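J.: Here's a structure for you.
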Amino acid sequence: MRDNEVLKEKILGAYQFRHATKEFDPNKKIPEDDFRLILETGRLSPSSFGFEPWRFVVVQNEKLRDKIKNASWGAFGKLPEASHFVLILARTKKDTRYDSEYLQDHFKNKLGMPEEIMANYLKRIEEFQKSDFNLLDGDRPLFDWACKQSYIALGNMMTAAAQIGIDSCPIEGFDIEKMNKLLNDEGLLEDGSFGLSVMVAFGYRVKEPRAKTRRPFDDVVKWID
1 MRDNEVLKEK ILGAYQFRHA TKEFDPNKKI PEDDFRLILE TGRLSPSSFG
51 FEPWRFVVVQ NEKLRDKIKN ASWGAFGKLP EASHFVLILA RTKKDTRYDS
101 EYLQDHFKNK LGMPEEIMAN YLKRIEEFQK SDFNLLDGDR PLFDWACKQS
151 YIALGNMMTA AAQIGIDSCP IEGFDIEKMN KLLNDEGLLE DGSFGLSVMV
201 AFGYRVKEPR AKTRRPFDDV VKWID
């Protein structure tokens, strides 16, 4: 029982440690095995229907970092100081619609789903997209739905980083059309299969943050007994 209490303290300690780091130490680099662990927690994250509608692009190239820094006001103060910088891409309607080639390949060849089960599964996804969540009206709803899945991976990656003493900062501060054009010109969006969801910088803080503040527990948690 004592081990469980220690583990709970460590978990909460990681959440207290984590903050949106504004300044990274450019002289400190994350060890390769530590960063691979962070990426693995993203890869292993859950997604709706098991779509895995994401891609994690680790940008270490200085020229591309400079382009991103100048195109994104949210990244301007993080690059090039961050040890690692990740673009989290989300799949577009082209790949997430119930009848897409990506889903056929994903369920059949990647997950090994038998044909009959896959047919029924895709039928359920069709009903979900058409009726339950009304995701087929235009291009944006399915992309936004994929972006929501990608934030699960983002949260897991930042938490895993905090658990091993690594700082992070999620970044939404960018003009999405400008960034998608930049990434498309760099050949990273695979002919419309992806769009930029969010970015995240990892590294080590320069200075300690102020004490964490949040709304009271009883204000954000309500029990219905």
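Numbering of the sequence shown is given in the UniProt record's numbering, commencing with residue 1 and proceeding in unit increments.
Note that CB positions come from ideal geometry on N, CA and C, so glycine has one too.
As the structure is a computational prediction, the values presented were derived from the model and not from experiment.
1. Determine the closest residue to Ala162 out of Asp3, Glu5, Thr21, with distance taken between C-alpha atoms.
2. Phe194 and Ala90: beta carbons closer than 8 angstroms?
3. On the criterion of 16 or more Cβ atoms from any shown chain inside 10 Å, does Pro53 qualify as buried, or is it exposed?
4. Considering Pro141, what are the terminal residues of the alpha helix (DSSP H) in which it resides?
5. Please classify Ile171 as buried or exposed, where buried requires at least 16 neighbouring CB atoms within 10 angstroms.
6. With DSSP collapsed to three states, give me the class of Gly50.
7. Excluding the 5 residues flanking Glu62 on each side, which residues of the same chain have their C-beta closer than 7 angstroms to its C-beta?
8. Would you mind working out which of Asp33, Phe49, Leu39, Lys178 sits nearest Tyr121, comparing C-alpha positions?
9. Three Cβ pairs or more, each shorter than 8 angstroms: is that satisfied between the region 126-141 and the region 181-191?
10. For Pro31, which of Thr96, Trp223, Tyr204 has the nearest alpha-carbon?
11. Quick one: what does DSSP say Phe174 is sitting in, helix, strand or coil?
12. In whole angstroms, give me the CA-to-CA distance for Phe24 and Phe76.
T.: Looking at the coordinates:
1. The residue with the shortest Cα to Cα distance from Ala162 is Thr21.
2. Taking 8 angstroms as the Cβ cut-off, Phe194 and Ala90 qualify as a contacting pair.
3. The residue in question, Pro53, is buried, as its Cβ has 16 or more Cβ neighbours within 10 Å.
4. In the DSSP assignment, Pro141 falls within the unbroken alpha helix (DSSP H) covering 140-163.
5. Burial state of Ile171 is buried, judged by a 10 Å Cβ sphere holding 16 or more other Cβ atoms.
6. Note: Gly50 maps to helix in three-state DSSP.
7. Hits under 7 angstroms: Pro80.
8. Per the Cα distances, Phe49.
9. The answer is no - the region 181-191 does not touch the region 126-141, with fewer than three Cβ pairs under 8 angstroms.
10. Shortest Cα-Cα distance from Pro31 to any of Thr96, Trp223, Tyr204 involves Tyr204.
11. Residue state, collapsed to three classes: coil.
12. The straight-line gap from Cα to Cα measures roughly 12 angstroms.
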